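In our numbering, the protein residues as written are 20 to 392. Even glycine gets a Cβ: it sits at the ideal position worked out from N, Cα and C. In this text the structure is predicted, and so the values were computed from the model without any measurement.
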């Protein structure tokens with residue numbers, strides 16, 4: 020898979036830009052606040068239908084403009100045209116081959132993996148970051164999961180509203196069992212799919228970690244459901260879907276009073292975590308910064324292999340000003356591996372972080388105040 024062309028109009032600080040992209044390495048160089056990240060953000064929206072930075076779509080529209088547009092040609096087995104239109108007054112429009120498309124059809128047409136400075140916080144950041152890391156991957160390769168996850172999130176919101184209202188009127192608690200059944204059914208499906216993906220990711224990440232560490236480190240990724248955290252750790256996982264549902268229901272019963280007191284849902288995959296172990300030790304607690312960054316790098320590369328295994332296509336890789344955060348050896352390993360497999364779009368403030376032999380084969384662009392040369 021590759022992104023052949025990209026055109027933007029009134030997106031962030033870009034008034035108008037049109038690009039033809041190299042199928043290999045594309046390097047965009049410029050000072051800070053010139054629009055490098057904005058370019059990657061546009062590609063990310065074309066892949067996921069939403070930004071990884073902006074809270075609202077209207078934030079993506081250039082100041083003073085009424086709407087923002089993007090169009091791209093993606094080459095898979097055949098060419099596919101993707102686009103979106105953002106407006107201050109109308110709902111976002113997603114386009115596939117010039118026709119309006121629902122998000123479930125749009126997402127997954129262009130596969131993308133993002134590696135930014137924030138990605139380096141994956142190991143030691145909040146559990147929500149690690150859940151998001153998993154969900155972004157799975158939603159691109161599995162539209163059924165995306166639909167299930169969105170429906171689960173809707174149920175959680177509705178259930179939270181009911182719990183808050185029931186603090187004032189206990190008669191409303193009679194509605195709770197119906198929401199509980201949906202919560203358990205959908206939440207169980209979310210957890211099972213995440214467990215499967217973590218198992219696949221671990222296989223690829225473990226191989227990469229051993230290569231990076233010169234065979235000295237074994238990396239394990241352990242998905243920890245909310246009830247396992249309560250019952251003593253990640254190794255007490257149900258053996259079947261039925262047992263998982265039972266554990267879910269048991270947690271609901273045990274936390275019923277606390278949920279009512281706090282007015283929110285305290286059980287479910289929105290409380291789960293992903294633990295990184297190196298040689299059996301929790302990397303978040305005991306790993307060095309170098310080990311943590313190697314684990315993140317291994318996971319990013321594992322994403323590529325997972326997407327390729329699931330779809331037959333390698334994703335477009337977006338590296339947002341992250342090379343300067345890595346040491347020379349990790350930079351070389353990352354760029355060499357990516358250059359052999361995937362189209363890569365990189366932003367940087369200079370070319371100093373790049374091996375000269377790769378720069379000579381890359382397409383290099385200069386960005387200044389939203390203009391690309």
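Length of the line joining the Cα atoms of residue i and residue j
i           : j           : result
residue 135 : residue 188 : 47 Å
residue 98  : residue 129 : 11 Å
residue 377 : residue 351 : 10 Å
residue 317 : residue 360 : 15 Å
residue 82  : residue 344 : 31 Å
residue 364 : residue 232 : 26 Å
residue 295 : residue 117 : 43 Å
residue 162 : residue 169 : 11 Å
residue 301 : residue 141 : 13 Å
residue 224 : residue 353 : 13 Å
residue 258 : residue 309 : 35 Å
residue 146 : residue 293 : 7 Å
residue 220 : residue 186 : 42 Å
residue 216 : residue 157 : 8 Å
residue 202 : residue 256 : 19 Å
residue 303 : residue 334 : 28 Å
residue 26  : residue 69  : 17 Å
residue 120 : residue 109 : 16 Å
residue 393 : residue 151 : In the structure as shown, the chain starts at 20 and stops at 392, and residue 393 therefore has no counterpart that could be examined.
Nearest candidate by alpha-carbon position, reference residue i, set the options
i           : options               : result
residue 327 : 50, 95, 35 and 83     : 95
residue 90  : 71, 321 and 112       : 112
residue 24  : 55, 52 and 61         : 61
residue 332 : 131, 74 and 191       : 131
residue 58  : 67, 31 and 277        : 31
residue 241 : 319, 257, 69 and 218  : 218
residue 173 : 29, 299, 76 and 289   : 289
residue 384 : 20, 29, 22 and 44     : 44
residue 192 : 245, 106 and 279      : 279
residue 381 : 53, 244 and 47        : 47
residue 390 : 50, 275, 348 and 269  : 50
residue 199 : 269, 236, 244 and 153 : 269
residue 373 : 392, 362, 386 and 348 : 348
Exposed unless 16 or more other CB atoms sit within 10 angstroms - verdict on residue i
i           : result
residue 34  : exposed
residue 178 : buried
residue 37  : exposed
residue 369 : exposed
residue 246 : buried
residue 388 : exposed
residue 322 : buried
residue 56  : buried
residue 313 : buried
residue 267 : buried
residue 196 : exposed
residue 371 : exposed
For residue i, the three-state DSSP class (helix, strand or coil)
i           : result
residue 223 : helix
residue 28  : strand
residue 53  : coil
residue 116 : coil
residue 108 : coil
residue 85  : coil
residue 298 : coil
residue 182 : helix
residue 72  : coil
residue 102 : strand
residue 39  : strand
residue 338 : strand
residue 96  : coil
residue 133 : strand
Inside the segment 236–321 only - alpha helix (DSSP H) runs reaching at least 4 residues | Within the segment 236–321, the runs of alpha helix (DSSP H) at least 4 residues long that lie entirely inside it are, in chain order, 245–249, 260–273, 275–281 and 302–305.
Could I get the ranges of all uninterrupted beta strand (DSSP E) runs contained in the segment 340–387, with 3 residues as the minimum, in chain order?
-> Inside the segment 340–387, DSSP marks whole beta strand (DSSP E) runs of 3 or more residues at positions 363–367 and 382–387, from first to last along the chain.
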